Amino acid sequence: MIQKPQDILLKTNYHEISLLPGKPIYEYELEIQNSTPELIQAALKAHKTILLEMLRNYMSIDNKIYSPKIIDGIEKGQSKILGIDEINQEAQHIVSIKLIGRLSENHISKNQIIARLIKQVVRNQFQMVSIGKIGSKLFWNQRAIKQKENNLEIWPGVECIYQASNIQNFKPKLIIDCAFRILRYRSVLEELNLQKQNIDILIGQIVMTTYNKKFYQISGIDVQMNPKSTFLNENGEANTFENYYKTKYNQNINSNQPLLKAIVRGRRDQNEKEIFLIPSLCQMTGLTDEMRNDFIAMKKISEITKPSADVRMRTAQDFIKQLQDTKIINKKDNSQKELLNEWGLEIKKDCVQIQAYKLDPGNMLMGGELRLNLGDSKTNLDRQTQTQMYQTPTQKLLLGIIYNVNSGVSAMNSFIQNFDLARQEFQFDVFLQPLVIKMYQDREEELERLLQGLKAEADSMNNKINFLLFLLPGQKKKARLYKACKRISMAKFGCASQVIIEKTLKNNTRSIVNKILIQLNAKIGGTPWALDGIPSIFTNQPTMICGVDIFQKTGRKSQLAFCSTINRYFSRYYSQVVTSGEFCQHLQQCLKAALIAFKQELQIYPKNVIIYRDGVSDGQQKTVLGTELPQYKQALKELELNDISLTLVICNKRVSAKFYTGGQGRAENPPPGTVIDNKNITNEDSMKFYLISQLSRQGTVTPTLYKVLYSDLPGIEQMIKIMTFKLCWLFYNFTGSIKIPAPVRYAHCLCNFIGDNYDDKDKIKFLPQQDLILKKVLPLSEYEQCYQEIKIIGRGQFGIVYLIQEKSTLKEFAAKKINGECSNTELDILLKLKHPNIINVYECFKDQKSIIIIMDYCQKGDLWNIIQYRILEGKNRGYTQKVIEQWLVQLLMGLACIHENNVIHRDLKSSNILIKEDGQLKIADFGVAKILSEDKMAKTITGSPFYLSPEISQGQDYTYSSDIWSLGCILFEMCTLKRAFDGDQFDQVLDKIQQRKLQQEILIQDQIDPTLSDKRTYTSELVNLIQSLLNVDPSKRPTAKELLRSSYIAKIMLQSFEKKSVKQKDIQKIGQVTMMQKKAHEKYQKQMSYVKQLLGNSQDSINAQSQVCDTMFTKKQTSI
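Using full-length UniProt numbering, the first residue of the sequence shown is number 1, and each one after it goes up by one.
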């Protein structure tokens, strides 16, 4: 049972700033005849000296003067002459300063005064090194902590951020937190010498110039320049870099080195300019990958860089005292003034304490109805999740394992042993006997050759590799073949993969293998665990959660990742990546594709869409609202989805706020689920909240900031907070809650993976060039010249389908874009099959990564959606027998053609039956179809679970009869508007299929009085035919050819022939018939020999089938 939120008291790293009541601030203004803002600014500059004498401290804001001192001798409303300004030779103006009065407690300018004072006093921390915009980070370089064993030193410091108050009753605050800067004992020149073959790796790195301790980001390396190169100084004089550094900094420079480029801004943050740095005078900062992979080194570094809450609070108090005691020195007369004390500004040393609350995490749902209480401190997820997972794929999958025989034999043996034990403990019986390949050379060419052999071995078994597991030497994500493994898995096999580094299996092997098994289940479409307690508004209606993140790195192309859920447990995803460009322009297409994928999977569009947008700061929120939100709304508009509720939530991980448990005890990290939406912290923004979702046992936990930027659902804020926390538990690479919701984390991983590993140099060709030429596949440029894409209308297992329009004729077609090697098989089959009841291919195009197939556009959509619309319209009775018989004949003729060409469709279902405007049926989506040689049988488990034949569901060999079973399921849906076999879980569906437990029986006319039933009844001929198709024994099912020869089907075709006789000349009169349809009809007439072979030599039968095909091209409408 979900508990109510629990109130908790928290300490923060917020410190209030106030102006002491006993230290008033006075407001003045300059009086000049015919005053203008330009004149005021000129007068302030001209009379600066006398103003300092009168006021000692002052500042100008919006042409007003503010000071803690009152000018002697004047009262409110009175003025004092400062002097006479000569504007030009003809006019002189008296400049006076007038006392307006004392600032009120809530005067609007007080925030600006405090902000300027803080900025000025922070800027004068000369004993510290300043980094970041307006010195937001300050470091004590004199307190450097040296770690010679790690060849580095750590500078302690603070991050200091001023937060104004937008609320009348709350004071402005200073956010103070610990900060650290790591410097390596290595110059950039030394690093360049080490990275001679890959110097671009330094682009984007932060370096420090040793002569003035300033930090820069490297934007490029100019190998054409060296220290002897010249530049123009501010006076326009030429000078060499070598001479400049010798003169100004007394530095002797080796001239044999390139120059580094960096971009800097002007003092007022206006114009950018490029500067050049000397590598030997720049020191490297940050950690290397080698250091990050060194557990001992990282532990020592973390002891310093991850201080406890007490240390952070003490550091903040010490820094506040340092600021309060800061004395500003006047360089002209060496006079000193304590700026904050003179203005009466006080920074409270005691931190702000607030009320927050903790959400109940609920229960983690595992297989076998096991529930793990996430709120119980005794729950050990690492141990207790080593059990049957919540949901695993129902098909038997083939696993390929590749390991290095020279270095990985021991790791391989250990893995296999523990993998088998883990599968038993997890009851994970998904994989067939794995295919294991030995690799003798750590080279990409060798890997490609071996994987090609692995693919051939799977093909010889009439199977397909469903998952690849690589055991490689090297470091995490830095293994030599890591990129190649991922590329080949996606491009050549179209499957997920897992790369395991050999040395990770040396210790705690069983624990690591358990986690690998969980990840593996998630990657193949399973659900390792689910959660209860998700708000009912998101569980009672179909809900899609999206995560959006952008990868940006100097020297690499930017990448946008869009990951969206496609199941009710929020555990399976449809992922998209967009490379470079204006990303906001692509968000519309991303959301449309995500919605279509959701519908493709669940046969319904979502009612709620929640989009988490990562990496948006306060200053970027208006941009997101102005550019990205309209794109999302346009996507819904184009799909005519007016009833979907859209919610946009921004997510920001990089925040400076810290929270600790309050009260008198020791400050600790708050528990996971802590929500901070206190007005004193969020500035009374009810849409903004901090969430601490992760458990941190070392250092101080960092919260994540969220804001509901837009929502169609009123009062949704609390539900979003709960949902956000729940989603943090659904990242299957970790058995616990993480810092951000799983969709955002997956998007982050995806865009970083693509951004770090792939670029334009990767040329992946899915079809050999000679095959493209033989098949007359045209270049992509011609596709763009001939057709205009209108919208996405569907999604197959391996590609996206677009509605397109031919530019010259304005005719509409469908274009299927297929990525990967799967396009080869599907294109081969589609070009091979020519029949009016099979989707027709008109043209093909190619680019480097995909095949585009131009096909029939079926205006009425697919049969599954038509059935669903019928139910929504309140028509709960099945279709009439006449309509079903018309469809049955067309499906049989199309299926007979498919089987005659030695092809098994393997995914025949109502959503793959498309219907044109005139009622003509087209069998589509051959993405998993297979060509069989003579006397061969297929073995791979594939297809939609509700239509699987008993032999496929039991993992047995199968042939064309499996398509006949699927046809029976489709006919059952036509009669009852229900699936033949249904269930809440796939295991239930498979049990019903194997036992042939239909949802209901189809009523026969002569066995029941139709007036006594609200269900439609059918003749015994049709019912008996359906029952013969759904025979559990595949050998007893009739073939499509046998059915077409049957007296029942022959009678249907003869009735159609007698009712409507269409002559060849009549076709010319039909204005709506396209030339392509006429050509297809003419081509079919030439295939009458095939019809003779199919039906025998009965002229009546031949005429009947010809007539059925003829009527497909008339304007006759079929009522559906």
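All C-beta atoms, glycine included, are put in the ideal place defined by N, C-alpha and C. Note that the structure is a prediction, hence the values are computed from the model and not measured.
- If you ignore the 5 residues before and after Leu232, its C-beta comes within less than 7 Å of the C-beta of Ala238, all in its own chain and listed in chain order.
- Val405 and Glu290 have their C-alpha atoms spaced approximately 25 Å apart.
- When the five nearest sequence neighbours on each side are left out, the beta carbons in the same chain lying within less than 6 Å of the beta carbon of Glu191 are those of Met284, in order along the chain.
- For Tyr1048, the CB contacts under 7 Å within the same chain, skipping 5 residues up- and downstream, are Glu1021, Leu1025 in chain order.
- Collapsing the DSSP output to three states places Gly220 in a strand.
- In the three-state reduction of the DSSP assignment, Ile278 falls in the coil class.
- In the DSSP assignment, the residues bridged to Ile676 are Tyr690.
- Between the beta-carbon of Leu892 and that of Ala1050 there is about 11 Å, and that puts the pair past the 8 Å contact cut.
- Under the three-pair Cβ rule at 8 Å, the segment 242-251 does not count as touching the segment 425-441.
- Taken in chain order, the complete beta strand (DSSP E) segments of 3 residues or longer contained in the segment 131-188 are 137-139, 145-147, 152-163, 173-187.
- Tyr28 sits away from Leu103, with the two beta carbons spaced by 7 Å or more.
- Boundaries of the alpha helix (DSSP H) around Cys749: 742-757.
- Setting aside the 5 residues that flank it on each side, His47 is surrounded in the same chain by Leu82, Gly83, Val95, each with a C-beta closer than 7 Å to its C-beta; the list follows chain order.
- Cβ neighbours of Asn642 within its own chain (closer than 8 Å, five residues either side excluded): Leu636.
- For Thr647, the pairing in a beta bridge is given by DSSP as Ile610, Ser711.
- Cα atoms of Leu998 and Met723: separation of roughly 38 Å, rounded to the nearest angstrom.
- The three-state reading of DSSP puts Phe231 in strand, counting E and B together.
- For the set Ile113, Leu695, Phe538, Lys486, the Cα lying nearest the Cα of Leu381 is the one of Leu695.
- Sequence-distant Cβ neighbours of Arg480 in its own chain, meaning closer than 7 Å and more than five residues away, are Asp442, Gly474.
- In this structure Phe689 touches Tyr706 by the C-beta definition: roughly 6 Å separates them, less than 8 Å.
- Counting only the Cα atoms, Cys651 lies some 7 Å from Thr704.
- The beta carbons of Leu908 and Leu971 sit about 11 Å from each other, so the pair does not count as a contact at 8 Å.
- At the C-beta level, Gly699 and Lys306 come within 7 Å of one another.
- Of all C-beta pairs linking the segment 974-988 to the segment 411-420, fewer than three are shorter than 8 Å, placing the two stretches out of contact.
- Residue burial annotation: Gly494 is buried, with at least 16 other C-beta atoms found within 10 angstroms of its C-beta.
- Going by beta carbons, Ile176 and Val158 fall inside the 7 Å limit.
- For the segment 785-839, the continuous alpha helix (DSSP H) assignments of 4+ residues that do not extend past its boundaries occur at 822-832, in sequence order.
- Checking the DSSP bridge columns, you'll see Glu338 partnered with Lys327.
- Closest by C-alpha distance to Thr554, out of Asp685, Gln881, Asp756, is Asp756.
- Two segments are said to touch when three or more pairs of C-beta atoms, one from each, lie closer than 8 Å; by this definition the segment 48-60 does not touch the segment 376-394.
- The alpha-carbon separation between Leu639 and Ile792 amounts to approximately 9 Å.
- Annotated as proximal: Ala561 and Leu750, with beta-carbon spacing under 7 Å.
- Under DSSP, Leu468 shares a beta bridge with Gly400, Ser497.
- Around the beta carbon of Glu826, 16 or more other beta carbons lie within 10 angstroms, which makes this residue buried.
- Assignment of Phe981 by DSSP, reduced to helix, strand and coil, places it in the coil class.
- Taking a contact to require three or more Cβ pairs closer than 8 Å, the segment 518-532 and the segment 385-399 qualify as touching.
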